[in-house]
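Protein chains in written order, with this note's numbering: chain A, 168 to 304; chain B, 3 to 369. Where a beta carbon is used, it is the ideal one built from N, C-alpha and C, also for glycine. Working notes, beginning with the structure itself.
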């Protein structure tokens with residue numbers, strides 16, 4: 168497993184996301200209220216660019232006619248068929264056992280630690296003053 | 003994900019010479035139709051807009067899952083709605099998937115469903131000229147379907163005869179939800195014209211006849227409307243069989259588009275069963291209903307069936323007949339099927355060629 172520095176953490180503000188290319192893979196990095204998550208940008212259903220989908224809340228119901236909106240922006244809907252995936256786990260809401268998009272461990276590391284390596288950060292220079300998003304691939 | 007997944011490289015797909023029976027072009031705006039409309043109807047469109055039997059003006063009766071009922075990544079970067087930009091359609095769909103022939107189905111605006119029949123006929127003619135000038139002439143991979151004001155058979159025949167000589171038309175297009183069951187005699191001149199011109203009749207899910215989507219009335223959700231597309235196809239097909247359309251027009255070729263296909267065996271079984279009991283009510287139906295369906299009807303694959311056990315999809319197609327399915331993507335709509343990944347089933351080369359190319363060549367008499 169190689170650790171890749173993918174972006175300065177300040178570049179992906181809470182609520183936003185960034186699409187990165189790491190080792191030939193298109194990966195979406197999501198910041199949910201300060202926590203970072205990384206998902207493969209490919210829907211396991213028919214291959215749509217999942218990480219370009221809408222970030223929506225999870226709508227549940229206790230009984231018909233009742234709508235409970237929860238976890239704002241924590242679900243990702245595929246831009247093709249609207250399948251919902253949990254950004255925290257990569258799991259499909261409707262078929263969690265069989266349908267999951269690959270997710271990667273993400274950490275935020277201080278630049279000071281990163282310059283010591285071993286990390287792959289060929290995309291941009293790492294400064295010791297900033298924090299960086301690092302994913303394991 | 004369990005089961006084998008059919009995944010071909012894009013170069014393999016290109017080798018197949020794939021035919022896609024359902025691609026939706028879209029006007030950049032209604033004004034894009036102006037050059038093809040007489041002044042009278044330009045004024046109508048500009049001043050009053052469209053009036054269909056749908057209960058709403060300028061919208062659908064149900065929220066269609068996504069804006070413009072399209073894939074969210076299909077909005078052309080240069081502007082305009084999904085399906086309105088030929089160069090983007092090439093880049094996003096035709097080129098990477100190696101589509102050799104794509105058949106256009108122009109759904110919007112619907113000339114068939116206009117309240118004013120003359121306006122409806124003018125819209126159909128304009129859309130047909132627009133398809134040729136802006137789509138099939140600049141892009142030879144695309145072929146067109148003649149949109150017709152189907153509720154007015156005489157006007158439909160006139161439009162078929164006007165447009166059929168242009169070789170870019172390979173089909174006649176109408177939507178499922180007609181004012182009366184489609185087998186009724188008021189529509190027969192259309193079938194005669196289809197037979198006479200040798201063009202397939204492509205019947206695509208959709209349209210509005212003012213009646214509720216289901217026999218039980220207006221449902222609450224788009225989920226129900228979308229599911230009921232398959233229900234609209236079944237009585238339509240039964241009507242064509244039982245009114246004797248396939249007896250009267252034995253060379254008519256019908257392609258049912260975007261209604262799914264899992265229901266087809268059950269419908270044929272039920273029709274055959276009842277034929278043994280009720281045949282004297284329809285003595286003109288001289289053969290079991292399944293005979294006509296197997297002879298004259300093709301089913302477009304989208305939205306593909308996705309049974310939990312993939313092997314069941316093979317059994318299902320065995321029942322229908324591998325020669326009766328034609329691939330359709332429905333690009334750029336939200337429920338489109340990816341040509342490489344929609345079938346979660348390992349197909350033999352022969353099966354692939356049949357479903358993705360050869361059956362459509364036969365159904366549409368493609369060169």
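C-beta atoms of residue i and residue j nearer than 8 Å
i                      : j                      : result
residue 237 of chain B : residue 85 of chain B  : no
residue 286 of chain B : residue 227 of chain B : no
residue 202 of chain B : residue 241 of chain B : no
residue 304 of chain B : residue 330 of chain B : yes
residue 207 of chain A : residue 192 of chain A : yes
residue 223 of chain A : residue 234 of chain A : no
residue 88 of chain B  : residue 140 of chain B : yes
residue 105 of chain B : residue 147 of chain B : yes
residue 208 of chain B : residue 269 of chain B : no
residue 168 of chain A : residue 211 of chain A : no
residue 373 of chain B : residue 116 of chain B : The structure shown has nothing for residue 373 of chain B, since chain B only spans 3 to 369.
residue 20 of chain B  : residue 102 of chain B : yes
residue 239 of chain B : residue 322 of chain B : no
residue 185 of chain B : residue 245 of chain B : yes
residue 168 of chain B : residue 205 of chain B : no
residue 304 of chain A : residue 190 of chain A : yes
residue 309 of chain A : residue 201 of chain A : Examination of residue 309 of chain A is not possible in this model, given that chain A is present from 168 through 304 alone.
residue 210 of chain B : residue 56 of chain B  : yes
residue 181 of chain B : residue 153 of chain B : yes
residue 213 of chain B : residue 143 of chain B : no
residue 217 of chain A : residue 209 of chain A : yes
Burial state of residue i (16 or more Cβ within 10 Å)
i                      : result
residue 253 of chain B : exposed
residue 256 of chain A : exposed
residue 244 of chain A : buried
residue 145 of chain B : buried
residue 49 of chain B  : exposed
residue 275 of chain B : exposed
residue 345 of chain B : buried
residue 350 of chain B : exposed
residue 242 of chain A : buried
residue 289 of chain A : With a pLDDT of 49 at residue 289 of chain A, under the threshold of 50, the modelled position of that residue is not reliable, and the figure given next carries that caveat. With fewer than 16 other Cβ atoms within 10 Å, it is exposed.
residue 362 of chain B : buried
residue 76 of chain B  : buried
residue 320 of chain B : exposed
residue 59 of chain B  : exposed
residue 27 of chain B  : buried
residue 263 of chain B : buried
residue 219 of chain B : exposed
Spatial neighbours of residue i in its chain, beta-carbon cut-off 6 Å, leaving aside the 5 residues before and after
i                      : result
residue 276 of chain A : 299 and 301
residue 160 of chain B : none
residue 277 of chain B : 290 and 291
residue 6 of chain B   : Reliability of the predicted coordinates at residue 6 of chain B is poor, the pLDDT of 38 falling under 50, and no value is obtained from them.
residue 205 of chain A : 194, 196, 271, 273 and 302
residue 71 of chain B  : 335 and 336
residue 122 of chain B : 113, 116 and 151
residue 358 of chain B : 18, 20 and 329
residue 90 of chain B  : 78
Beta-bridge pairing of residue i - partner residues as DSSP gives them
i                      : result
residue 207 of chain A : A:194
residue 185 of chain A : A:196
residue 145 of chain B : B:105
residue 2 of chain B   : Because chain B spans 3 through 369 in this model, residue 2 of chain B falls outside it and cannot be assessed.
Spatial neighbours of residue i in its chain, beta-carbon cut-off 7 Å, leaving aside the 5 residues before and after
i                      : result
residue 356 of chain B : 324 and 325
residue 219 of chain A : 246
residue 221 of chain A : 244
residue 302 of chain B : 23, 24, 257, 258, 259, 260, 328 and 330
residue 4 of chain B   : Confidence is the limiting factor: at residue 4 of chain B the pLDDT is only 36, short of 50, which leaves the residue's position unreliable and the question unanswerable from this model.
residue 194 of chain B : 251
residue 309 of chain B : 315
residue 67 of chain B  : 224 and 336
residue 74 of chain B  : 68
Close-in-space but distant-in-sequence residues of the same chain around residue i (CB under 8 Å, 5 per side omitted)
i                      : result
residue 177 of chain A : 297 and 298
residue 213 of chain A : 247 and 248
residue 229 of chain A : 235
residue 129 of chain B : 35, 38, 108, 111, 113 and 149
residue 234 of chain B : 178, 179, 207, 215 and 261
residue 162 of chain B : 148, 150, 174, 192, 195, 196, 199 and 201
residue 267 of chain B : 318, 321 and 322
residue 307 of chain B : 262, 263, 264, 315 and 318
residue 118 of chain B : 46 and 53
beta-carbon residue i near the ligand ZN non-hydrogen atom, thresh 7 Å
i                      : result
residue 260 of chain B : Judged by which ligands are present, the structure shown has none, so any question about the ligand ZN falls away.
Within the stretch 163-217 of chain B, note down every full beta strand (DSSP E) run reaching 3 residues or more, in order along the chain.
171-177 and 202-206
In the stretch 214-283 of chain A, which residue ranges form an unbroken alpha helix (DSSP H) of at least 4 residues, counting only runs that do not cross its ends?
278-281
Which residue spans inside the stretch 292-350 of chain B form an unbroken beta strand (DSSP E) run of at least 3?
299-302
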